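Let me begin by presenting the structure, written as structure tokens, before commenting on it.
Residue numbers (our numbering): 4 to 191.
See the structure below:
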């Protein structure tokens, strides 16, 4: 089963409800009723198939117009395909977390827009380019689709994120552009 983070709570809640309902003599009735209440995934597929793709294609074509340089890391040495496994954990302390929230509030942007902007600046430096594009995963749950919050399944999309990291551009301006792009692109 493939599913996104949005429906993990629903799956967990249902799983524990079913488990505890087993102690109830009418458990089969309760489980059957709950399964009928689930919002079917095919409603999302039907909605998706009925979308006008011409507006979306125009939006993304215009958004990427003029982009010519592939955004990729240059490898200096031959790729080693030996499997390496490491776990790296990094914790953000409470003071830094509070400060990040304050800055995002002051800039009137999301924390995601802040982090995407930081990644864009770093990526730009790594590949020595001012005009960059990378993919970013977004929720694919359209708010206009009734019951979308109750669908269990994989409803995500990867969209291009383009940033023009110009020398006179401030971080605030970049982060606000990124935030505006996320807001505008949600309909496409």
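Glycine included, C-beta positions come from ideal geometry on N, C-alpha and C. Because the structure is a prediction, the values reported are computed rather than measured.
Which class does residue i belong to by DSSP, given the choice of helix, strand or coil?
{"i": "residue 12", "result": "helix"}
{"i": "residue 101", "result": "helix"}
{"i": "residue 136", "result": "strand"}
{"i": "residue 174", "result": "helix"}
{"i": "residue 114", "result": "helix"}
{"i": "residue 42", "result": "strand"}
{"i": "residue 179", "result": "helix"}
{"i": "residue 56", "result": "helix"}
{"i": "residue 186", "result": "helix"}
{"i": "residue 68", "result": "coil"}
{"i": "residue 24", "result": "helix"}
{"i": "residue 7", "result": "coil"}
{"i": "residue 18", "result": "helix"}
{"i": "residue 86", "result": "coil"}
{"i": "residue 62", "result": "helix"}
{"i": "residue 148", "result": "coil"}
{"i": "residue 129", "result": "helix"}
Following the continuous alpha helix (DSSP H) through residue i, name the residue where it begins and the one where it ends.
{"i": "residue 90", "result": "No alpha helix (DSSP H) holds residue 90; DSSP gives it neither H nor E."}
{"i": "residue 46", "result": "45-52"}
If you follow the beta strand (DSSP E) that residue i is in, where does it begin and where does it stop?
{"i": "residue 160", "result": "159-167"}
Using DSSP bridges, identify the partner residues of residue i.
{"i": "residue 142", "result": "159"}
{"i": "residue 154", "result": "42"}
So, under 8 Å CB-CB, residue i and residue j are touching, yes? Tell me the CB distance rounded to an integer number of Å.
{"i": "residue 151", "j": "residue 14", "result": "Wrong, their Cβ atoms sit about 16 Å apart, outside the cutoff."}
{"i": "residue 132", "j": "residue 72", "result": "5 Å"}
{"i": "residue 192", "j": "residue 140", "result": "Absent from the structure is residue 192, since the part of the chain shown begins at 4 and ends at 191."}
{"i": "residue 114", "j": "residue 104", "result": "7 Å"}
{"i": "residue 178", "j": "residue 120", "result": "4 Å"}
{"i": "residue 169", "j": "residue 42", "result": "Between residue 42 and residue 169 the Cβ distance is about 45 Å, and since that is not below 8 Å, they are no contact."}
Under 9 Å, Cβ to Cβ, is there at least one residue of chain B near residue i?
{"i": "residue 142", "result": "Protein chains in the displayed structure number just one, and chain B is not present."}
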